[in-house]
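Read in order, the letters of the sequence shown correspond to residues 1 to 270 in UniProt numbering. Report on one structure; see the data block that follows.
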Amino acid sequence: MKLGRHKLTVKKARPNVILTDGREEIELKEKRDLEVGEVVSAFIYDTSKDRRVATLDKPYIEVGEIKELKVVGKAGVGYFVDIGLDKDIFLPYQERAGRIDVGGSYLMALYIDKSDRYCVTMNIKEKLKKNDKFKVNDIVKGTIYLLDARGAHVAIDGKYDGLVLKEELKGIYKVGDEVEARIQRILKDNRITLTLREKAYKQMHSDADMLLEMIEDNDGVLNIGDKTDPEIIKAVTGLSKSAFKRAEGTLYRLRKIDLYPNKIELRHGR
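Next up, the structure:
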């Protein structure tokens with residue numbers, strides 16, 4: 001029976017459970033209280049003794065998914081990764097995305113190789129989605145899955161592809177680092193570029209610059225203020241209310257704006 005997940009029918013329930021797809025039969029590895037004729041969703045894999053079996057246990061990852069997995073061992077030509085079964089899965093050297101360490105956790109995808117065995121890869125770019133939900137200035141979280149000459153490639157929410165351009169990177173980053181970023185641009189092909197969020201005291205000025213630009217683009221008035229609902233502030237500026245208040249406070253101290261309960265205005269003669 002092929003690897004992967006299958007809908008199977010219980011052909012024999014005792015002493016060992018035998019499942020069938022109508023053509024082939026396979027043994028259920030664990031003991032379960034099932035009845036003949038019952039339909040189950042089973043995951044097919046090879047045990048550490050290379051015996052193909054079915055399990056009703058759910059592994060950490062299945063074919064087509066991207067998940068964070070832990071590297072638990074190293075071999076001559078690759079690594080071994082825990083996917084929650086009694087057999088660890090092979091990560092070939094050529095499927096790495098830079099340096100990795102045993103004990104570290106990284107984003108990976110599960111696939112079936114040409115020799116009909118499960119392997120994992122860290123080369124997940126083609127498996128990530130382009131943007132279909134975010135807008136400019138949205139704050140997102142993601143994991144760096146690749147560092148190259150272009151910058152840091154980030155899997156946003158483990159599903160969407162984003163890029164922090166090299167010139168935007170500040171500090172030292174490595175594959176597997178989790179980051180918080182702002183959507184900087186959405187390109188014509190729906191690819192996303194990001195700018196990394198800095199610590200609050202550093203981020204204030206870049207948030208303030210963005211807020212000032214928004215006010216200027218809106219004829220010098222922005223109809224939000226300290227009394228505005230946080231969700232409206234988020235929708236208009238992409239900032240949390242606390243980040244918004246830090247940014248407007250910075251502009252006020254610089255005498256660039258006047259503050260009102262429900263609006264901000266550019267200060268005339270500034």
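No residue lacks a Cβ here, since even glycine has one placed at the ideal position from N, Cα and C.
- The closest CA to that of L211, considering only S240, N190 and L187, is found on S240.
- A149 sits in coil when the DSSP states are folded into three classes, being neither helix nor strand.
- Per DSSP, P15 has no beta bridge partner at all.
- Setting aside the 5 residues that flank it on each side, Y79 is surrounded in the same chain by V71 and L91, each with a C-beta closer than 6 Å to its C-beta; the list follows chain order.
- Taking E213 as reference, the option from N190, T237 and D177 with the minimal CA-CA separation is T237.
- Contact check for K141 against D116 fails: the beta carbons are separated by 8 Å or more.
- Between Y106 and L147, the C-beta spacing is not below 8 Å.
- For L34, the three-state secondary structure derived from DSSP is coil.
- Counting only the Cα atoms, E30 lies some 15 Å from L8.
- The residue among Y111, S206, A109 and G4 with its C-alpha nearest the C-alpha of T55 is G4.
- Contact check for E24 against N16 fails: the beta carbons are separated by 8 Å or more.
- Residue pairing by DSSP puts E68 in a beta bridge opposite L107.
- Of the other Cβ atoms in all chains shown, fewer than 16 fall within 10 Å of the Cβ of G171; this residue is therefore exposed.
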